[in-house]
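Take a look at the structure set out below.
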Amino acid sequence: MLRVKNLEVYYGLIAALKGVSFHIEEYEIIALVGSNGAGKSSTLNGIIHSVKTKGEVQFFGADITRIPTHKIIQRGIALVPEGRRVFMNLSVDENLRMGAYCNDENFVVMKEKMYGLFPRLKERYKQMAGTMSGGEQQMLAIARALMGEPKLLMLDEPSLGLAPKIVGELFEILLQLRDDGITILLVEQNAFAALKVANRAYVLENGKITLEDNAENILNNPEIKRHYLGG
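Numbering that gives the first Met the number 0 applies: residue 0 is where the sequence shown begins, and numbers increase by one.
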């Protein structure tokens, strides 16, 4: 589905990614694990071409490396950014409308599907997003991304700042989405939780991938436990 070849990401003259290569097959959850500053968010931003890049990104065999971000989204890649970034002064319903800008003809059907997936959002459909809890805003950010019916959903630190119970609910939803046919690329500071739901994982250090394996093997790797899982 997605193939990234020798991806480099630059902020000015500084290289955040230094030749990253990996692939994602359909119907997988892939975890991208690494410490702060390793280049995880830069990888996601590089895929959707929202930052300066070198290298190649292929999506279903087509080179999308140089096409504009909005065209990449229209092809079926969605990003839930770190910090949620919902439209605080818009209601839940209006946020979902913004997510459906390239899929407006299916807005009503997709909205009801999102309300089925996230019942709390349906209860608060008129509420301003800025008055919602962090967990509710994260649910809204995911639902907004799904309104465009993406084939690949990328999430950047979805559990950040959330209570453990809410984190558990979100990860259960990710498993449900995968079972419904959505492929997921997950960047997550809670490496243990990410590896528990992922099929495969990549470890990123200093802008380079240093390890690739199935998630269970990485979860049981002593070096990974020591560096990322607290023992």
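Backbone N, C-alpha and C define an ideal beta-carbon position, used for all residues, glycine too.
Worksheet item: Rounded to the nearest angstrom, how far is the Cβ of Leu203 from that of Lys39, given a contact under 8 Å?
Response: Within the sequence shown, numbered from 1, the residue matching residue 203 stands at position 204. Within the sequence shown, numbered from 1, the residue matching residue 39 stands at position 40. Confirmed, Cβ separation roughly 6 Å.
Worksheet entry | Within 8 Å, strictly: CB atoms of Leu78 and Ile47 | Start at 1 with the first residue of the sequence shown, and residue 78 comes out as number 79. Start at 1 with the first residue of the sequence shown, and residue 47 comes out as number 48. Yes.
Item to complete: Give the range of the beta strand (DSSP E) segment to which Asp212 is assigned.
Response: Position 213 of the sequence shown, counted from the first residue, corresponds to residue 212. Its beta strand (DSSP E) spans residues Lys207 to Asn213.
Discussion item. Using only the alpha-carbon positions, how far apart do Leu95 and Glu148 sit?
Written reply: Here the question's residue 95 lines up with position 96 in the sequence shown. Here the question's residue 148 lines up with position 149 in the sequence shown. If I take the Cα positions, the gap works out to 12 Å.
Worksheet item: How is Gly147 classed by DSSP in three states: helix, strand or coil?
Response: As a first step, residue 147 is located in the sequence shown; it is residue number 148 there, counting from the start. Three-state DSSP puts Gly147 in coil, outside helix and strand.
Worksheet item: Buried or exposed: Met97, going by 16 or more other Cβ atoms within 10 Å of its Cβ?
Response: Mapped onto the sequence shown, residue 97 falls at position 98. Here Met97 is exposed, its C-beta having fewer than 16 other C-beta atoms within 10 Å.
Worksheet item: Could you give the C-beta distance for Tyr201 and Glu187, rounded to a whole number, given that I count them as a contact under 8 Å?
Response: Reading the sequence shown from its first residue, position 202 is the one you call residue 201. Reading the sequence shown from its first residue, position 188 is the one you call residue 187. Glu187 and Tyr201 do not touch by the CB rule: their CB atoms are close to 12 Å apart, not below 8 Å.
Worksheet item: How should Asn5 be labelled, buried or exposed, when 16 other C-beta atoms within 10 angstroms of its C-beta is the threshold for buried?
Response: Here residue 5 refers to the residue found at position 6 of the sequence shown. It is exposed - the Cβ of Asn5 has fewer than 16 other Cβ atoms within 10 Å.
Discussion item. Please identify the residue among Phe117, Met153 and Lys125 whose C-alpha is closest to the C-alpha of Leu139.
Written reply: Residue mapping note: residue 139 aligns to position 140 of the sequence shown, counting from 1. The shortest Cα separation from Leu139 among Phe117, Met153 and Lys125 belongs to Phe117.
Item to complete: Assign Asp155 to one of three DSSP states: helix, strand, or coil.
Response: Locating residue 155 in the sequence shown gives position 156, where the first residue counts as 1. If DSSP states are grouped into helix, strand and coil, Asp155 belongs with the strands.
Worksheet item: What runs of the alpha helix (DSSP H), each 4 residues or longer, lie entirely inside the segment 77-152?
Response: Here the runs fully enclosed are 91-98, 106-116, 118-122 and 133-145.
Worksheet item: How many angstroms separate the CA atom of Tyr124 from the CA atom of Pro221?
Response: Numbered from 1 along the sequence shown, position 125 holds the residue referred to as residue 124. Numbered from 1 along the sequence shown, position 222 holds the residue referred to as residue 221. Each residue's Cα considered, the two are about 46 Å apart.
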